[in-house]
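What follows is a single structure, written as structure tokens, with notes after it.
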Amino acid sequence: MRFETLAIHAGGEPDAETGAIAPPIHMSTTFRHGPAGERVAGYEYVREGNPTQDRLETAVAALEQGQAALAFGSGMAAMTALLEYLPAGSRLLYPRDCYMGLRVLLSEFLPQRGVQTEAVDMREPAALAARLDASVRAVWLETPSNPLLEVTDIAAIAALTKANGSLLFCDNTFATPALQQPLTLGADAVMHSTTKYFGGHSDVMGGALVFARKDELYERTLHRRHVTGAVLAPFNAWLTLRGLRSLPARMSWHCANARRVAEFLAAHPRVTAVNYPGLSGHPGHAVAARQMRDFGAMLSFHVAGGREATLAAAGRLKLIHNATSLGGCESLIEHRASVEGPNPVSPQDLLRLSVGLEHADDLIADLQQALG
Ligand SMILES: *Cc1c(COP(=O)(O)O)cnc(C)c1O
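And the structure:
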């Protein structure tokens, strides 16, 4: 079945009891069992698993072409669960440009558990090769990355990690499986903040992991979620499933809009640079064209005149809201340096834009009046 069809039908069998086409939400926290704990329909307690979550996991696994998926209460909970697999004494290599939450997790929490972490410029597979040795248990990728939209060659990195006996984990939140499927390129597990494009409407938090194999990594992570409880609420599973039905359709509109907005910004005299892999001048354009179906709807750009001019332009936007997060129907912009705490890593002249589903002409008109 093709991707668009899977998105509509995976995990979508009509309800066995009523024939309902839209799936029921099972809110029950507990499921009847026999006097000696014999399961009636496979379920016991909601923290372990529930039918609404099962539907979502079936769908997410199908979309990423994985053997199994696990839903979590947030993207960070999913990321944390995966990284907790790493034993004390091991090393984890991660990209120099990456999601802020990962950076905090790796600098504050993993070292406490005895896991060493090092940033690498993953755009150069040779830079990774030089750092690999037997102590590297896993490599983390994020492509395109947040907020600089750096592109990494997943297949090239996977060849290196495989030869080194390391696991390859990939945050696929920006691209979504509609555009890029890291498991098919050699990754061992994929992580999503489903809060973004999967949910798609800025109204439901969640996270997911998808596994290439139903092996020990999957079994340990499943058990860890059951014990530590970073689970997704049934209602959130239902909303996320509802959102992902339209993921392919939304992504093609998102991408078409982003291409137009990126081209407008690239030609604007007050914009000094645009980071969007769809532009032919982007350093990762060729790799992105090879491993992605389209170039996504996240971009960032640099405004002439430094921090003050950049904040002033963001402040003049009327249609595009200043807000964090991404992947919703509405376009959102953010001056990342302002929200990164006391030691910001993003450039002061950088704005990150999540291009939404409005008409591109209206987005361009808003950016035009704001940039002046
Ligand atoms: C939002 C995001 C996360 C974290 O997900 P939450 O659902 O907010 O916990 C991780 N990675 C990327 C790329 C994100 O955009």
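Take the position in the sequence shown, starting the count at 1, then add 6; the result is the number in the numbering used here.
Built from N, CA and C at the ideal position, the CB exists for glycine as well.
Bear in mind the structure is a predicted one, so any value in this text is a computation, not a measurement.
Taking all protein chains shown into account, decide if residue i is buried (16 or more other Cβ within 10 angstroms of its Cβ) or exposed.
{"i": "Cys176", "result": "buried"}
{"i": "Gly213", "result": "buried"}
{"i": "Cys335", "result": "exposed"}
{"i": "Ala294", "result": "buried"}
{"i": "Ser352", "result": "buried"}
{"i": "Gly43", "result": "exposed"}
{"i": "Ser360", "result": "buried"}
{"i": "Ala47", "result": "exposed"}
Please indicate yes or no: does the CB of residue i lie closer than 7 Å to some heavy atom of ligand 1?
{"i": "Asp209", "result": "no"}
{"i": "Phe180", "result": "yes"}
{"i": "Met298", "result": "no"}
{"i": "Leu332", "result": "yes"}
{"i": "Asn263", "result": "no"}
{"i": "Asp177", "result": "yes"}
{"i": "Tyr105", "result": "yes"}
{"i": "Gly362", "result": "no"}
{"i": "Gly81", "result": "yes"}
{"i": "Met85", "result": "yes"}
Between which two residues does the beta strand (DSSP E) holding residue i run?
{"i": "Leu134", "result": "Not the beta strand (DSSP E): Leu134 falls in the alpha helix (DSSP H), residues Pro131 to Ala135."}
{"i": "His308", "result": "Met304 to Val309"}
{"i": "Thr123", "result": "Gln122 to Val126"}
{"i": "Asn281", "result": "Val277 to Asn281"}
{"i": "Val216", "result": "Gly213 to Phe217"}
{"i": "Met106", "result": "Counting along the chain, Met106 falls outside any beta strand (DSSP E), though it belongs to the alpha helix (DSSP H) covering Met106 to Val110."}
Along the chain, where does the alpha helix (DSSP H) that runs through residue i open and close?
{"i": "Arg258", "result": "According to the sequence as given, residue 258 is Ser; it is not Arg. From DSSP, the alpha helix (DSSP H) with Ser258 extends over Leu253 to Ala272."}
{"i": "Glu225", "result": "Glu222 to Thr234"}
{"i": "Ala144", "result": "That residue, Ala144, is in no alpha helix (DSSP H); its beta strand (DSSP E) goes Val142 to Glu148."}
{"i": "Leu250", "result": "Pro240 to Leu250"}
{"i": "Phe9", "result": "Phe9 to His15"}
* Would you check if the region 226–235 and the region 256–276 touch, i.e. whether three or more CB-CB distances between them fall below 8 Å? => no
* Asked: So does the region 266–281 actually touch the region 194–211, counting three or more Cβ pairs closer than 8 Å?
  -> no
* Evaluate the contact criterion for the region 280–297 versus the region 148–162: three or more CB pairs, one atom per stretch, below 8 Å. => yes
* If we count Cβ pairs, one from each stretch, closer than 8 Å, do we get three or more for the region 47–55 versus the region 230–248? -> yes
* Taking three-plus beta-carbon pairs below 8 Å as touching, is the region 298–316 in contact with the region 277–284? -> yes
* To do: Count the CB pairs spanning the region 61–70 and the region 109–120 that are closer than 8 Å, and state whether there are at least three.
  => no
* Enumerate, from N- to C-terminal direction, the unbroken beta strand (DSSP E) stretches of 3 or more residues contained entirely within the region 38–99. => 74–78
* **Inter-stretch contact (C-beta, 8 Å, three-pair minimum) for the region 178–189 and the region 198–206** => yes
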